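A short write-up of the structure that comes next.
Protein chains: 2
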Amino acid sequence: MNQSVFDVHPVGRVESPLVDRDLAPRQGDEGAPNAWLVSEPAVRQGIANITVGSEVIVLTWLDRAQRDVLAVHPRGNENQPLTGVFSTRSPDRPNPIGLHTVQVLDIDDLRIRVRNLEALDGTPIVDVKPILEPLDQR
Amino acid sequence: MNQSVFDVHPVGRVESPLVDRDLAPRQGDEGAPNAWLVSEPAVRQGIANITVGSEVIVLTWLDRAQRDVLAVHPRGNENQPLTGVFSTRSPDRPNPIGLHTVQVLDIDDLRIRVRNLEALDGTPIVDVKPILEPLDQR
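Top to bottom, those sequences are chains U and C. The working numbering runs 1156 ahead of the 1-based position in the first sequence. The working numbering runs 1156 ahead of the 1-based position in the second sequence.
Below, the structure written as C-alpha cells:
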C-alpha cells in the first residue's frame, strides 16, 4: 500500500509544571496538575467559542515519545505481557498523538487554563474538539 | 512562537462504501456503515492485542478536508452562527484529525471490521487507542 505523509502544524503549546516524563502521571485523572493551553495568534478565530466550564478534547503531539515502538509492557510494568501499542495508551507509538479530556477553568485571550492535564511542558497542541453531545442535542 | 512541523505516517486505511463527503453521515452514530480498518503490514505487532467486541478509538487523517478554515456554520447549517472550528467537529480545521469511537466486529489478519464509521473510503488511519478503563481497573 502506497501511503502519503502529512504535515502536522501545531496550533499551540502546553504550559505546565510537568517537565519530566518519568515523574508525569500516566493519565489526567491520576493526579495531573492544571495547565495552560497557549494558542498561536494565527488560530485566534478557531478558539473564539470555547467557554469556561466546558469539557474539551485536546489532541497533542507527544514530541518526546519513541515512534519505532510497536509493543510495550502496559504502564511500564514488566510483569504485564508485551502488548501491541494500539491496545495501550503508551505515548510510544508510530504517530504519538495524545488524547486528553479536560475541563476549561479560565480563558485569557490566547491562554486557556484547563484542569488535570498530564502532557509535559512545551508539548505541541494539534487540535481541540468539543465532546459530542447526545444524538438528540446536536 | 516558533513551532516545529511533525510528519504523520499513516498506519493503515479505511475501506468503506462511503465515497462522497456530501453524502456521508456527520458522525458514526448517525447512520454510518460498517467499514474495514486495513493496517499496514509494518504495524502488525501493534494491532496484535485488539479483540473482537471491544470498543476502540480510531484517529484518522481527513485528507479531503480544508486546512485553512477557522470558523464554520455548525453542521453546514447557514442558520447557525459562524463558530470557531475548535468548538465544532467540522473536518475542516488546521490539523484535520478525525476521532471515531467504534466497536470491533471481526478481525482477519491485518483487516479489522468495525461498526458505524463515518470516514470516507481510503481515509488514512493514524492511530488506534483503547477506551480508558475506569481508574480502579487500569
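Yeah, the Cβ is synthetic: ideal placement off N, Cα and C, and Gly gets one too. It should be emphasised that the depicted structure is a prediction, and the values quoted were computed from it without experimental measurement.
Query: CB contact check: U:Q1201 to chain C, cutoff 8 Å; Result: yes
Query: Buried versus exposed, by CB contacts within 10 Å (16 or more), C:N1233; Result: exposed
Query: Contact residues within the segment 1267-1285 of chain C, judged by C-beta distance below 9 Å to chain U; Result: P1280, V1282, D1283, V1284 and K1285
Query: Cβ-based contacts, 8 Å cut-off: residues of the segment 1231-1257 of chain U near chain C; Result: R1231, T1239, G1240, V1241, F1242, S1243, T1244, R1245, R1249, P1250, N1251, I1253 and L1255
Query: Residue(s) in a DSSP beta bridge with C:R1231; Result: For C:R1231, which the question treats as bridged, DSSP gives no partner whatsoever.
Query: Simplified DSSP state of C:S1195, which is helix, strand or coil; Result: strand
Query: For C:G1254: DSSP bridge partner residues; Result: C:T1216
Query: Alpha-carbon spacing of U:D1248 relative to U:A1221, whole angstroms; Result: 5 Å
Query: Per-residue burial, U:I1253 [other beta carbons within 10 Å of its own, 16 or more giving buried]; Result: buried
Query: Selection from U:L1276, U:R1231 and U:D1224 that minimises the alpha carbon distance to C:A1198; Result: U:D1224
Query: Alpha-carbon spacing of U:L1288 relative to U:L1179, whole angstroms; Result: 32 Å
Query: Exposure of U:V1245, with buried meaning 16 or more beta-carbon neighbours within 10 Å; Result: It should be pointed out that residue 1245 of chain U corresponds to Arg in this sequence rather than to Val. U:R1245 comes out buried.
Query: For C:G1187 and U:D1292, the rounded distance between their alpha carbons; Result: 14 Å
Query: Residues near C:P1173 in its chain [Cβ-Cβ closer than 6 Å; skip 5 each side]; Result: P1189
Query: Neighbour list for C:W1217 in chain U, Cβ cutoff strictly below 7 Å; Result: F1162
Query: Beta-carbon spacing of U:E1196, U:T1257 below 8 Å; Result: no
Query: Member of C:Q1183, C:S1243, C:I1203 and C:L1238 whose CA lies at the smallest distance from the CA of U:V1208; Result: C:S1243
Query: Below-8 Å beta-carbon distance, U:I1213 vs any chain C residue; Result: yes
Query: Reference C:R1169; option with closest CA among C:D1176, C:L1226, C:I1268 and C:K1285; Result: C:I1268
Query: Test: U:M1157 CB closer than 8 Å to a CB of chain C; Result: Reliability fails at U:M1157, whose pLDDT of 48 lies under 50, so the model's placement of it is uncertain and the value that follows must be treated cautiously. For U:M1157, the answer is yes, since a Cβ of chain C falls inside 8 Å of its Cβ.
Query: Nearest-angstrom Cα separation, counted from U:K1285 out to C:P1250; Result: 12 Å
Query: Within-8 Å CB hit, U:I1151 to chain C; Result: Because chain U spans 1157 through 1294 in this model, residue 1151 of chain U falls outside it and cannot be assessed.
Query: Residue burial classification, U:P1230 (beta-carbon count within 10 angstroms, cutoff 16); Result: buried
Query: Where the beta strand (DSSP E) containing C:I1281 begins and where it ends; Result: P1280 to P1286
Query: C:Q1259 in three-state terms, based on DSSP; Result: strand
Query: Whole-angstrom C-beta distance between U:V1164 and U:V1282, which should lie under 8 Å; Result: 5 Å
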